[in-house]
Amino acid sequence: MNNPQAGWVPARVVGCFLGVAITVAVPLSARAATIYVNAGGDLQAALNAAQPGDEVVLAAGATFVGQFRLPVKAPGGAVITIRSSAALPGRRITPADASLLPLIVSNVGEATLFVEKTANWRIDGIQFGANVGGEGNVVHIQDSVNIVLDRILIVAPSTGQKRGVMGNGKAITLTRSHIAGIWRAGQDSQAFCAWDGAGPYTVTNNYLEAASENVMFGGANSQSSANVPSDILVEGNHMAKPLAWKGTAKAVKNLFELKSAKRVVVRNNLFENNWTDAQNGYAILITGRNDEGQSPWSVVEDVLFEHNVVRNTENGINVLGYDSYQPSGRTTRITVRNNLIIASGSALQLGSEVGVLTIDHNTFRQGYNFTTAYRGMVWLAGTAAPRPAQYAVESLTVTNNIANHNDYGFIGEDAGIGSGALGALTRSYSWTHNVMAGELGWGQVYPVLTMQPKMIDHVAQFNADSTLTSTSSYRAAGSDGKDLGFSGLGATTTPTTAILPAIEPAPAPAPAPAPAPAP
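Going from the sequence shown to our numbering is simple: count from 1 and add 1239.
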């Protein structure tokens, strides 16, 4: 029978300094240490002493005050783990688990943990406090490789905190974590943000709460086109804003935003609670921007947004082709499919020469327009000044969707409603097997194979959770033989809470026009 301990000598304490004990289990061919740091111990000394393969174990419930830096380390070698001494639940962490976690908190208005020009660290089961005055980032990652934040807890006090995690680097992961209370008066705030790192990025199974953008990629200068955030997976997260923030000075903008990003999958997330404040109430922004003017290579390309639920928002998704304030690259090859979007206002806004855009198999239960398309202004990288846009979308595909028509349905800038707007605001379009429900759309012309049922008949197609009834006429009615609209959550590699049963009823549809008075 094999001996699992073959090649190892018994563990022993080989050093102790300022409350730090180092226990080493020594294999015949390698070194691996467990460095214990108790309350009052020297955490920075422990971090400095850690070698590839080591574990730095912090006493659960202990508090470490100061600014701490992970030592500079080149890529390669085994991962160093910083973790709690407590046994942690095998799930997303919550504030109820705080007693199991050590607390690291800054004593100044800068980050409590700096992760700069280093590699191969895993931080698991640590609580981070807000900075003094709520300034800056709590966790600051820059030019680093293979950094994993697992089961971290950040809950800012009522005075707020500008940002939870700045994650600029390569192979950056945030998972099973809870970041809440993030806001900053007069400034943008994010639970997680990255703008200057090539990726890949993995943001999975977190609760993320922030006033301005719960999660954002882009928004500031990157060092070069090689540092456009790329290969991004955002899956199984819950992103929300507390309703108690409504009407307060929190600079609320949106729930998720892409300003500079390539090859992005956003899947199986719940996005909820967004309203007009510092922005116009769109929950999801796919809008390429060169905000600070030094990154004309900013683009948003190859985005798949699928199997998400967006609810209790004023407006749904805003897609912008080019920046108009600074020269930028283009937003193109965007697919929005199999999502449920419940909004009191408009479902979609499209403009400024978006490249290729596909809207397929979504259910929109919105209270105003289905889509507002406009030209706007564009400033292309390599040109001297902005110019008027020629169209909203170059190539638009809209198929197998369910939506309310309400007053204006698909409306285009200076182009009317329906087919006329589609033709005038795109260079080419494909529109088939869509529902534009309600009598308010009956006087408008849409492409063939557009269903326009009475609103009372349309509402009867849904269960209370916005899924289709078993007898719905929308079942198997798609161009591909599948059900129209949202088909529910897709297969996922991350744990996801049960989203659908909690969905509230859609906003009341627009009423049918009153009958004409009898002559």
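We put the beta carbon where it would ideally sit given N, CA and C, even for glycine. Owing to the predicted nature of the structure, the values given are computational and were not obtained by experimental measurement.
Can you give me the C-alpha to C-alpha distance between A1655 and L1661, rounded to a whole angstrom?
Position 416 of the sequence shown, counted from the first residue, corresponds to residue 1655. Position 422 of the sequence shown, counted from the first residue, corresponds to residue 1661. Here residue 1655 is Gly; the residue named in the question, Ala, does not match the sequence. Those two C-alpha atoms are separated by around 9 Å.
How about S1563 and M1616: are their beta carbons less than 8 Å apart?
As a working note, residue 1563 is residue 324 in the sequence shown. As a working note, residue 1616 is residue 377 in the sequence shown. Going by C-beta atoms, S1563 is nearer than 8 Å to M1616.
For G1666, is the classification buried or exposed, using 16 other Cβ atoms within 10 angstroms of its Cβ as the cut-off for buried?
Against the sequence shown, residue 1666 aligns to sequence position 427. A quick correction: the sequence has Arg, not Gly, at residue 1666. Exposed, because fewer than 16 other Cβ atoms sit within 10 Å of the Cβ of R1666.
Helix, strand or coil at F1256 according to DSSP, with G and I counted as helix
Indexing the sequence shown from 1 puts residue 1256 at position 17. Any answer about F1256 is weak, because its pLDDT of 44 lies below 50 and its placement is not dependable; what the coordinates show is given next. Correct three-state label for F1256: strand.
Counting only runs that start and end within the region 1645-1699, where is the beta strand (DSSP E) found for 3 or more residues in a row?
1649-1651, 1665-1671 and 1673-1676
Using the C-alpha atoms, what's the distance from G1532 back to N1277?
Residue 1277 sits at position 38 when you count from the first residue of the sequence shown. Residue 1532 sits at position 293 when you count from the first residue of the sequence shown. One C-alpha to the other measures close to 47 Å.
Just to check my reading of the structure: I1386 and F1367 have Cβ atoms closer than 8 Å, yes? What is that Cβ distance to the nearest angstrom?
As a working mapping, residue 1386 is identified with position 147 in the sequence shown. As a working mapping, residue 1367 is identified with position 128 in the sequence shown. With a Cβ gap of about 14 Å, I1386 and F1367 do not count as contacting.
I need the straight-line Cα distance from L1728 to V1698, nearest angstrom please.
The residue given as residue 1728 occupies position 489 in the sequence shown. The residue given as residue 1698 occupies position 459 in the sequence shown. Cα-Cα distance, rounded: 22 Å.
Taking C-beta to C-beta, are F1725 and H1600 nearer than 8 Å?
To locate residue 1725, count along the sequence shown from 1; it is residue 486. To locate residue 1600, count along the sequence shown from 1; it is residue 361. A contact, by the Cβ cut-off of 8 Å.
Which runs of the beta strand (DSSP E) spanning at least 3 residues fall entirely within the region 1337-1391, listed in chain order?
1342-1344, 1352-1355, 1358-1363 and 1376-1389
Quick check: what's the CA-CA separation for K1489 versus E1448?
Within the sequence shown, numbered from 1, the residue matching residue 1489 stands at position 250. Within the sequence shown, numbered from 1, the residue matching residue 1448 stands at position 209. Their backbone Cα atoms lie some 12 Å apart in a straight line.
Beta-bridge pairing of T1597 - partner residues as DSSP gives them
The residue labelled residue 1597 in the question sits at position 358 within the sequence shown. Answer is T1574 and T1636.
Does the distance from the C-beta atom of G1399 to that of R1423 stay below 8 Å?
Start at 1 with the first residue of the sequence shown, and residue 1399 comes out as number 160. Start at 1 with the first residue of the sequence shown, and residue 1423 comes out as number 184. In contact: G1399 and R1423 (Cβ atoms closer than 8 Å).
In terms of DSSP beta bridges, what is S1323 paired with?
As a working mapping, residue 1323 is identified with position 84 in the sequence shown. S1323 pairs with L1297.
How would you write the range of the alpha helix (DSSP H) that L1282 sits in, first residue to last?
Along the sequence shown, read from residue 1 onward, the residue named residue 1282 stands at position 43. Residues L1282 to A1288.
Which ranges does the beta strand (DSSP E) cover as unbroken runs of at least 3 residues, wholly within the region 1434-1477, from first to last along the chain?
1440-1443, 1446-1449, 1452-1456 and 1469-1474
Quick test of your reading: I1650 and N1608, contact by CB under 8 Å. State the CB separation rounded to the nearest angstrom.
As a first step, residue 1650 is located in the sequence shown; it is residue number 411 there, counting from the start. As a first step, residue 1608 is located in the sequence shown; it is residue number 369 there, counting from the start. 6 Å between Cβ atoms; contact.
What whole-angstrom Cβ distance do P1566 and W1618 have, given they're in contact under 8 Å?
Working through the sequence shown from its first residue, we reach residue 1566 at position 327. Working through the sequence shown from its first residue, we reach residue 1618 at position 379. Contact holds; Cβ gap of about 5 Å.
Can you tell me which of N1529, V1538, Q1518 and I1523 puts its alpha carbon nearest to the alpha carbon of R1502?
As a working mapping, residue 1502 is identified with position 263 in the sequence shown. That would be V1538, whose Cα lies nearest to the Cα of R1502.
Helix, strand or coil, according to DSSP, for L1494 in the structure here?
By 1-based counting over the sequence shown, the position of residue 1494 is 255. It is a strand residue.
Range covered by the beta strand (DSSP E) that runs through D1541
Mapped onto the sequence shown, residue 1541 falls at position 302. Here the beta strand (DSSP E) through D1541 covers V1539 to E1545.
Return the CA-CA distance between N1407 and A1433, expressed in angstroms with no decimal places.
As a first step, residue 1407 is located in the sequence shown; it is residue number 168 there, counting from the start. As a first step, residue 1433 is located in the sequence shown; it is residue number 194 there, counting from the start. Taking the straight line from one Cα to the other gives about 5 Å.
Per DSSP, cross-strand counterpart(s) of R1408
For the purposes of this step, residue 1408 is identified with residue 169 of the sequence shown, where counting begins at 1. A small fix is needed here, since residue 1408 is Gly in this sequence, not Arg. According to DSSP, G1408 bridges with S1383.
On the DSSP bridge assignment, give the partners of F1510 in chain order.
To locate residue 1510, count along the sequence shown from 1; it is residue 271. In the DSSP output, where bridge partners are listed per residue, F1510 has M1478 and V1549.
Under the three-state DSSP convention, the category W1484 falls into
For the purposes of this step, residue 1484 is identified with residue 245 of the sequence shown, where counting begins at 1. In the structure shown, W1484 sits in a helix (DSSP, three-state: H, G or I).
From the beta carbon of T1412, is the nearest beta carbon of chain C less than 8 Å away?
As a matter of chain content, chain C is missing from the structure shown, which is built from one protein chain.
Consult DSSP for P1566 and reduce its assignment to one of helix, strand or coil.
Walking along the sequence shown from the start, residue 1566 turns up at place 327. Three-state DSSP puts P1566 in coil, outside helix and strand.
Buried or exposed: which applies to L1482, given that a residue is buried once 16 or more other Cβ atoms fall within 10 Å of its Cβ?
Within the sequence shown, residue 1482 is the residue found at index 243, counting from 1. The residue is exposed, with fewer than 16 neighbouring Cβ atoms inside 10 Å.
As a quick exercise: from R1322, V1311 and T1302, pick the residue whose alpha carbon is nearest that of Y1275.
Residue numbering aside, residue 1275 sits at position 36 when the sequence shown is read from its first letter. Answer by Cα proximity: R1322.
Can you give the beta carbon distance from N1547 to N1508, rounded, assuming they're within the 8 Å contact cut?
Taking the first residue of the sequence shown as 1, we reach residue 1547 at position 308. Taking the first residue of the sequence shown as 1, we reach residue 1508 at position 269. Confirmed, about 5 Å.
Answer yes or no: do G1364 and R1390 have a C-beta to C-beta separation smaller than 8 Å?
Counted from its first residue, the sequence shown places residue 1364 at position 125. Counted from its first residue, the sequence shown places residue 1390 at position 151. In this structure, R1390 lies closer than 8 Å to G1364 by Cβ.
In angstroms, rounded to a whole number, what distance separates the CA positions of F1495 and G1420?
Against the sequence shown, residue 1495 aligns to sequence position 256. Against the sequence shown, residue 1420 aligns to sequence position 181. Those two C-alpha atoms are separated by around 16 Å.
Contact belief for T1602 with L1587 at Cβ below 8 Å, rounded distance in angstroms
Position 363 of the sequence shown, counting from 1, holds the residue named residue 1602. Position 348 of the sequence shown, counting from 1, holds the residue named residue 1587. The pair is not a contact, with the Cβ atoms about 13 Å apart (cut-off 8 Å).
M1675 versus A1703: straight-line alpha-carbon distance, rounded
Indexing the sequence shown from 1 puts residue 1675 at position 436. Indexing the sequence shown from 1 puts residue 1703 at position 464. Rounded to the nearest angstrom, the two C-alpha atoms are 20 Å apart.
Please go through the same chain and pick out, in chain order, the residues whose beta-carbon is closer than 6 Å to the beta-carbon of A1302, but skip the five residues on each side of it.
As a working mapping, residue 1302 is identified with position 63 in the sequence shown. Reading off the sequence shown, one finds Thr at residue 1302, where the question assumed Ala. Cβ neighbours of T1302 beyond the five flanking positions: L1342.
Is it buried or exposed, A1395, if we count other Cβ atoms within 10 angstroms and call 16 or more buried?
Translated into positions along the sequence shown, residue 1395 becomes position 156. Under this definition A1395 is a buried residue.
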